[in-house]
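A short worksheet on the structure shown next.
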Amino acid sequence: MMADRRESQWMHEHLMKVREAAARGEGYVEESPNGKRSKLRPGSAGGTISLSLTSMIDVVFQLLIYFLVATDFSMNEQMYRMDLPDRSGGQQMADPFSLDVEPLRVIVGSTGTTREAMTLKVDGPMRQPTSAEDLYSLLWQHQARPDTAGGWYNVDQPIVIVPTEHTRWEHVIEAFNAAHRAGYTNITFGGGT
Numbered sequence: 020m021m022a023d024r025r026e027s028q029w030m031h032e033h034l035m036k037v038r039e040a041a042a043r044g045e046g047y048v049e050e051s052p053n054g055k056r057s058k059l060r061p062g063s064a065g066g067t068i069s070l071s072l073t074s075m076i077d078v079v080f081q082l083l084i085y086f087l088v089a090t091d092f093s094m095n096e097q098m099y100r101m102d103l104p105d106r107s108g109g110q111q112m113a114d115p116f117s118l119d120v121e122p123l124r125v126i127v128g129s130t131g132t133t134r135e136a137m138t139l140k141v142d143g144p145m146r147q148p149t150s151a152e153d154l155y156s157l158l159w160q161h162q163a164r165p166d167t168a169g170g171w172y173n174v175d176q177p178i179v180i181v182p183t184e185h186t187r188w189e190h191v192i193e194a195f196n197a198a199h200r201a202g203y204t205n206i207t208f209g210g211g212t
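For the sequence shown, the numbering used here assigns the number 20 to the initial residue and increments by one for each residue that follows.
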């Protein structure tokens, strides 16, 4: 206990001497009771601490090299989950590269109330029909069938019957029936022109 007290008292006296020497700008050296020397250099009053940048830069470069060596820069092989359609069933998927079929438009107009007072106009590179019977023969002639060569349209070719503003309903039905008799299965009505 007595040794601790002496050590504490010596420490207090030592700090007082160091402060006085620092205030005068002198260095101070003294031995402690345990045989260690303490020293204050002249001009180091206030005790500023400076670091050696050389050793700090060395440490930074060593850390940089460590992380470069320890890091794995190669891309790992990865698995991605994909939901693909089931092709084992009997249902066939539509070809994603097939083009949409442009519908064949048949524009129907009325010039009077009689059955012959009907005008027809078919989009496409063909002659224009003059009656419902003529429309039937024209569609039948250009239908692609196994027994004939050179047909333009399949039986599922979309055909749109488009009535004009003042077309009589019976003329529209006659055009529809002519396309149906020719064997086409995808016949619809379109908006007026």
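Each residue gets a CB set at the ideal place from its N, CA and C atoms; glycine is no exception.
Since this is a predicted model, take the numbers as computed values, not measurements.
What's the C-alpha gap between residue i and residue j?
{"i": "LYS36", "j": "ARG25", "result": "16 Å"}
{"i": "PHE195", "j": "ILE180", "result": "7 Å"}
{"i": "VAL120", "j": "THR133", "result": "35 Å"}
{"i": "ASN173", "j": "GLU184", "result": "30 Å"}
{"i": "TRP29", "j": "ARG43", "result": "21 Å"}
{"i": "ASP91", "j": "VAL78", "result": "22 Å"}
{"i": "GLN147", "j": "PRO165", "result": "25 Å"}
{"i": "SER93", "j": "PHE86", "result": "15 Å"}
Is residue i buried or exposed, if buried means 16 or more other CB atoms sit within 10 Å of its CB?
{"i": "MET137", "result": "buried"}
{"i": "ALA89", "result": "exposed"}
{"i": "THR186", "result": "buried"}
{"i": "GLU135", "result": "exposed"}
{"i": "GLU32", "result": "exposed"}
{"i": "SER63", "result": "Since pLDDT at SER63 reaches only 49, below the 50 mark, its modelled position is unreliable, and the value read off the structure follows with that caveat. With fewer than 16 Cβ atoms within 10 Å of its Cβ, SER63 is classed as exposed."}
Does residue i come out as helix, strand or coil in the three-state DSSP assignment?
{"i": "THR133", "result": "coil"}
{"i": "GLN162", "result": "strand"}
{"i": "ALA197", "result": "helix"}
{"i": "GLN28", "result": "helix"}
{"i": "HIS33", "result": "helix"}
{"i": "THR73", "result": "helix"}
{"i": "ILE192", "result": "helix"}
{"i": "ARG38", "result": "helix"}
Residues bridged to residue i by DSSP?
{"i": "GLY128", "result": "THR138"}
{"i": "ILE19", "result": "Lying before the first or after the last residue shown, residue 19 is absent from the chain, which here runs from 20 to 212."}
{"i": "TYR172", "result": "GLN162"}
Would residue i pass as a contact of residue j if the rule is Cβ separation under 8 Å?
{"i": "GLN162", "j": "ALA198", "result": "no"}
{"i": "HIS190", "j": "SER129", "result": "yes"}
{"i": "VAL127", "j": "PRO182", "result": "yes"}
{"i": "LEU123", "j": "GLN160", "result": "no"}
{"i": "ILE178", "j": "TYR203", "result": "yes"}
Return yes when at least one heavy atom of the ligand COA lies under 7 Å from the C-beta of residue i, else no.
{"i": "ASN196", "result": "Inclusion of the ligand COA in the displayed structure is not the case, the ligand content being empty and no account of it being possible."}
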